[in-house]
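If you're matching them up, the sequences are chains X and Y in order. Using my numbering, the letters of the first sequence map in sequence onto residues 26 to 283. Using my numbering, the letters of the second sequence map in sequence onto residues 16 to 344. Beta carbons are placed, not taken as given, at the ideal position from N, Cα and C, and that holds for glycine.
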Amino acid sequence: MKIGVCIKQVPDTATKIGVKEDHSGILEDNTKYIVSPYDEYALEEALRTKEKIGNSEVIVLSVGQKRTAEALRNALAMGCDKAIHINTEGQGFLDSHAIAKLLATKIQSESIVLVFTGRHAVDDDNCQVSQMLAEFLKCPHVTMVSKFALEGSKAKVERDVEGGAKEIWEVELPAVFAATKGLNEPRYASLKGIMQAKSKSLSDIPVTQTFAQDLTPKVLWSNYQMPAERKVGKIFKDEPAKAVKEVVRLLREEAKVI
Amino acid sequence: MAANALVLVETKSGKIKKTSLELLSEGHRLASKLGGHLKALLIGEGVQSLGRETGAYGASECYVADHAEFKNYNVERYTSIVVEACEKAQAEVLLATASSLGRDLLPRVAARLNTGMATECTTLSVKNHKVVGTRPIYAGKCFVDVTIPNTIPQVITCRPNVFESSKVKTPTEPKVISIGSEYASMPVKAKIVEIVAAKSEKPDLTEAEIIVSAGRSIKSAENFKIMNELAEVVGAAVGASRAAVDAGYAPHSMQVGQTGKTVNPKLYIACGISGAIQHLAGMRTSKVIVAINSDAEAPIFQKCDYGIVGDLFQIIPLLTEEFRKLLKE
Numbered sequence: 026m027k028i029g030v031c032i033k034q035v036p037d038t039a040t041k042i043g044v045k046e047d048h049s050g051i052l053e054d055n056t057k058y059i060v061s062p063y064d065e066y067a068l069e070e071a072l073r074t075k076e077k078i079g080n081s082e083v084i085v086l087s088v089g090q091k092r093t094a095e096a097l098r099n100a101l102a103m104g105c106d107k108a109i110h111i112n113t114e115g116q117g118f119l120d121s122h123a124i125a126k127l128l129a130t131k132i133q134s135e136s137i138v139l140v141f142t143g144r145h146a147v148d149d150d151n152c153q154v155s156q157m158l159a160e161f162l163k164c165p166h167v168t169m170v171s172k173f174a175l176e177g178s179k180a181k182v183e184r185d186v187e188g189g190a191k192e193i194w195e196v197e198l199p200a201v202f203a204a205t206k207g208l209n210e211p212r213y214a215s216l217k218g219i220m221q222a223k224s225k226s227l228s229d230i231p232v233t234q235t236f237a238q239d240l241t242p243k244v245l246w247s248n249y250q251m252p253a254e255r256k257v258g259k260i261f262k263d264e265p266a267k268a269v270k271e272v273v274r275l276l277r278e279e280a281k282v283i
Numbered sequence: 016m017a018a019n020a021l022v023l024v025e026t027k028s029g030k031i032k033k034t035s036l037e038l039l040s041e042g043h044r045l046a047s048k049l050g051g052h053l054k055a056l057l058i059g060e061g062v063q064s065l066g067r068e069t070g071a072y073g074a075s076e077c078y079v080a081d082h083a084e085f086k087n088y089n090v091e092r093y094t095s096i097v098v099e100a101c102e103k104a105q106a107e108v109l110l111a112t113a114s115s116l117g118r119d120l121l122p123r124v125a126a127r128l129n130t131g132m133a134t135e136c137t138t139l140s141v142k143n144h145k146v147v148g149t150r151p152i153y154a155g156k157c158f159v160d161v162t163i164p165n166t167i168p169q170v171i172t173c174r175p176n177v178f179e180s181s182k183v184k185t186p187t188e189p190k191v192i193s194i195g196s197e198y199a200s201m202p203v204k205a206k207i208v209e210i211v212a213a214k215s216e217k218p219d220l221t222e223a224e225i226i227v228s229a230g231r232s233i234k235s236a237e238n239f240k241i242m243n244e245l246a247e248v249v250g251a252a253v254g255a256s257r258a259a260v261d262a263g264y265a266p267h268s269m270q271v272g273q274t275g276k277t278v279n280p281k282l283y284i285a286c287g288i289s290g291a292i293q294h295l296a297g298m299r300t301s302k303v304i305v306a307i308n309s310d311a312e313a314p315i316f317q318k319c320d321y322g323i324v325g326d327l328f329q330i331i332p333l334l335t336e337e338f339r340k341l342l343k344e
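Given below as structure tokens:
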């Protein structure tokens, strides 16, 4: 079986985000990039599924600038068999719709039947690509997947919903599954894996040359802003009992939230 | 051309959810600005009778897909129903809450209708006859304005607790229109076979008006008892920092932050949480933040409205007691 994993390279979550002076985007100088944390669960689940069922191939895909190759190389070191980099270097803003279209094209041409993604990428927080991808592939999707098991050509999965409840889904493949934390513990690349990755296939496909789709964004992003700073709060350092009384009073009389 | 706004209304235990009432109110304000009408959509089993209630919030029409097969969420059926409702309602704007349902369903609807989508907006305004959705990105480290200039409907999900719900002065008698029955027999490739209920009936973190949250200094899962007691008294949901989750003191469903839930309550009480950048990102849009920490230098004290320097095991029981007294009055 061909298993696909879609990943995205994002700024490290420890990064302080700054906005450009003209509010046209975020500052990207000196940013350290990582694989979006939820995508690591997707990678791990794809690898575990291959280990369980055998006779499979795990193909990792990413749409992104030149630097994205690092993230793909790391996925190969973790154990993926081949990588496809849809290279957007020099391309303007691509929205979720365009990215899902690009991924769908490759997933179809590779005859991938089982796709894992992260529940959302922790930069844009759009939470759209997995579902749009499934729509373009004309197959079902399940998001927030915290448990996954393959039973023949069907998958039985758990989906985390509000308030700690879980939905149990039965899904016919092909399908797209968006992973959340709790699904597994992602592995690290081993030294052996890193060595092996060097000889694995990483194809670099420039967007502009290969894809016929109209990639004109359907959404526009503008006016990037930093959040309003909170004014300095009232801090109580002594006499806990008194401090508690005062804070409760302020919550009612000043903040009016209780 | 009339620019109608269609709101996907969610229900729970036979009632319209509070978050949907907020959204109906915002939908009504938007529709007025755009010169169109507010319309509502209900999907489920036994929801027909709720259709009329949307009139109190200004809906002129309510589309209802009511069938036993629609009791549980099904992405294939629900997508078809929402798409049909958008067409019938001539919706220029489609709104849903950024809930488990809205987050899963709306991108799929947007893809099928070949239009764009704005996720988890916290403010909506109108400029040049189009909706501008302002939304947090990087889990709230910054904000951006999103517009969908050339395609309709403009598909938008909104965070809970960001809009006031208010009934209109002169309620309308909405036309209740049944739709979607043909999708009940549609063959589907994915379905829910079981729902495992949550252990407690506490409000979800993403919808809660008050959240009490603990960090690693809580020291054990058992010690969350003091958090639960505090939560009980003020009607709060209980959250945890990533450090507390990674230490095994709380499940991931309780994690607040960039790799957990982004929350937006009226009151957030952070107990023994130092204030890592990822945690601050996930809770910074809270209206009022109270911090309790034994380390006076903890970064959380730079981001709070009220802070108490002290040991959480001493402070929290006192706080619980004080709230109990206040709320008894």
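Contact note: Gly-207 (chain X) reaches chain Y through Pro-266, His-267, Ser-268, using a C-beta cutoff of 9 Å and chain order. Residues of the region 166 to 189 of chain Y with a C-beta less than 8 Å from any C-beta of chain X: Thr-166, listed in chain order.
Below 8 Å, enough C-beta pairs join the region 37 to 55 of chain Y and the region 104 to 117 of chain Y to call them touching: three or more. Sequence-ordered contacts of the region 130 to 141 of chain Y with chain X read Thr-130, Gly-131, Met-132, Ala-133, Thr-134, Glu-135 [C-beta pairs closer than 9 Å]. Residues of chain X with a Cβ closer than 7 Å to the Cβ of Asp-219 (chain Y) are, in chain order, Glu-187, Gly-188. Annotation: Lys-318 (chain Y) to Ile-284 (chain Y) spans about 12 Å, alpha carbon to alpha carbon. Secondary structure of Thr-113 (chain X) (DSSP, three-state): coil. At a C-beta separation below 8 Å, Arg-127 (chain Y) has these neighbours in chain X: Glu-160. Neighbours of Gln-105 (chain Y) in chain X, taken as residues whose beta carbon is under 8 Å from its own, are absent, since the nearest beta carbon is some 19 Å off. Within the same chain, Ala-255, Arg-257, Val-260, Lys-276 come within 7 Å of Gln-270 (chain Y) by CB-CB distance, once the 5 residues on both sides are set aside.
For the C-beta of Lys-318 (chain Y), the chain X residues within less than 7 Å are, from N- to C-terminus, Arg-255.
Judged by beta-carbon spacing, Val-141 (chain Y) lies within the 8 Å limit of Leu-45 (chain Y), meaning their Cβ atoms are closer than that value. Spanning the alpha carbons of Ser-200 (chain Y) and Ala-200 (chain X) requires a straight line of approximately 21 Å.
Taking the C-beta atoms as reference points, Thr-168 (chain X) is found no nearer than 8 Å to Asp-310 (chain Y). When the five nearest sequence neighbours on each side are left out, the beta carbons in the same chain lying within less than 7 Å of the beta carbon of Tyr-198 (chain Y) are those of Arg-92, Ser-95, Ile-96, in order along the chain. Listed in chain order, the non-local C-beta contacts of Pro-280 (chain Y) below 6 Å within the same chain comprise Ala-223, Glu-224, Ile-225, Ile-226, Ser-301, local neighbours out to five positions each way being set aside.
Interface residue (Cβ-Cβ distance to chain Y less than 8 Å): Glu-69 (chain X) is not classified as such.
DSSP places Met-242 (chain Y) inside the alpha helix (DSSP H), whose first and last residues are 239 to 249.
Annotated three-state conformation of Asn-143 (chain Y) is coil, per DSSP.
In this structure, Ala-296 (chain Y) lies near Ala-154 (chain Y), with their beta-carbon atoms less than 8 Å apart.
Only residues of its own chain outside the window of five on either side were considered, and among them Ala-71, Tyr-72 have a CB closer than 7 Å to the CB of Lys-182 (chain Y), listed in chain order.
Rounded to whole angstroms, the separation of the alpha carbons of Ile-210 (chain Y) and Gly-230 (chain Y) is 30 Å.
Contact residues of the region 224 to 254 of chain X toward chain Y are Pro-242, Lys-243, Val-244, Leu-245, Trp-246, Ser-247, Asn-248, Tyr-249, Gln-250, Met-251, Pro-252 (C-beta to C-beta distance below 8 Å). Arg-118 (chain Y) reaches chain X at Cys-152, Thr-168, counting residues in chain order whose Cβ is nearer than 8 Å.
Selection Y:Asn-89, Y:Ser-215, Y:Val-124 evaluated against Thr-172 (chain Y) yields Y:Val-124 as nearest (Cα-Cα). Residues of the region 323 to 339 of chain Y with a C-beta less than 7 Å from any C-beta of chain X: Ile-323, Val-324, Gly-325, Gln-329, Ile-330, Leu-333, Leu-334, Glu-337, Phe-338, listed in chain order. With fewer than 16 other CB atoms across the displayed protein chains lying within 10 angstroms of its CB, Ala-83 (chain Y) is exposed. Taking a beta-carbon distance threshold of 8 Å, Cys-157 (chain Y) counts as an interface residue toward chain X. Residue pairing by DSSP places Ile-59 (chain X) opposite X:Val-35 in a beta bridge. Judged by DSSP secondary structure, Pro-252 (chain X) falls outside any alpha helix (DSSP H); it is assigned neither H nor E.
Interface residue (Cβ-Cβ distance to chain Y less than 8 Å): Met-157 (chain X) is classified as such.
Annotation: Lys-184 (chain Y) is outside any beta strand (DSSP E) and is labelled neither H nor E by DSSP.
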